[in-house]
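Q:
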Amino acid sequence: MIKKVVVILVALSTVLLLGAVTSPASASGSLQFKKIYYDSPGSDTGSNASLNAEYVTVKNTGTSTRSLSGYTIRDETGFKYRFPTGAKLRPGYSVKVHTGSGSNTSSNRYWSQSRYVWNNTGDTATLRNSSGVKRDTCSWSSGGPGYKYC
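The sequence shown begins at 136 in this note's numbering and counts up one residue at a time.
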């Protein structure tokens, strides 16, 4: 009888302990892609305005300010944007990373590319933390409206 009680207690303890452990992805799941505008509206003229209409939005869905220092956003072909040291995102706020050039603010960052990054016929955006651990992805294929809510 005592042996059965001990086995049950050990099993319950294990379940409770494992239930309290969160994976690295869910532990920082408060930073995630919200929208990717992979095909800027109108003709792809290559102008800076057209390049900047192509962007990704990262949102902090958590309850505390998160550091973005060293976080990266990449596409499938290897284009990579790195958030600068000191970049932060308050809870409930978003930051757009535009493909073209502009003046960086807390809510708009600029990749300074001279050509489009995101493939209109399909691509995957990947968000990684400063240690290179994948935190979020968002994929799309051809035939969409030019943007994707993730």
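The C-beta atom is built at its ideal place from N, Cα and C for all residues, glycine as well.
Starting from the Cα of Y251, find the closest Cα among G227, T180 and T200 and give me that residue.
A: Y251 has its Cα closest to that of T180, out of G227, T180 and T200.
Q: Near H233, which residues of its chain fall below 6 Å by C-beta distance, leaving aside the five closest residues on each side in sequence?
A: Closer than 6 Å at Cβ, skipping near neighbours: N187, Y190 and Y245.
Q: Taking all protein chains shown into account, do 16 or more other C-beta atoms lie within 10 angstroms of the C-beta of V268, making it buried, or fewer, making it exposed?
A: Classification of V268: exposed, given that the 10 Å Cβ count is below 16.
Q: Give the DSSP bridge partners of W275, in chain order.
A: Bridge partners of W275: D258.
Q: With distances taken between CB atoms, is the gap from T272 to T256 smaller than 8 Å?
A: Not in contact: T272 and T256 (Cβ atoms no closer than 8 Å).
Q: In its own chain, which residues sit with a C-beta less than 6 Å from the C-beta of S175, not counting the 5 before and 5 after it?
A: So the list reads S185, A188 and E189, once near-sequence residues are dropped.
Q: Can you give me the Cβ contacts of R225 inside the same chain, cut-off strictly under 6 Å, excluding the 5 residues immediately before and after it?
A: If we look at R225 and ignore the five residues flanking it on each side, its Cβ neighbours are T200.
Q: Could you tell me if Y284 is buried or exposed, where buried requires 16 or more neighbouring beta carbons within 10 angstroms of its beta carbon?
A: It is exposed - the Cβ of Y284 has fewer than 16 other Cβ atoms within 10 Å.
Q: Which same chain residues end up closer than 8 Å to K169 when comparing Cβ atoms and leaving out the 5 residues on each side of it in sequence?
A: Answer for K169: T192, V193, K194, S229, Y284 and C285, listed in chain order.
Q: Return the first residue and the last residue of the alpha helix (DSSP H) that L239 is part of.
A: Note on residue identity: the sequence assigns Asn, not Leu, to residue 239. Per DSSP, N239 belongs to no alpha helix (DSSP H) and is neither H nor E.
Q: Secondary structure at N264, three-state DSSP: helix, strand or coil?
A: Residue state, collapsed to three classes: coil.
Q: Under a Cβ-count criterion, where at least 16 other Cβ atoms within 10 Å of its own Cβ denotes burial, should G213 be classed as buried or exposed?
A: Answer is exposed; the Cβ neighbour count stays below 16.
Q: What separation, rounded to the nearest whole angstrom, lies between the Cα atoms of S265 and G177?
A: Answer to the nearest angstrom: the Cα atoms are 35 Å apart.
Q: Considering only C-alpha positions, which residue in the set Y172, S236, L166 and G235 is nearest to S276?
A: If we check each option's Cα against that of S276, Y172 comes out closest.
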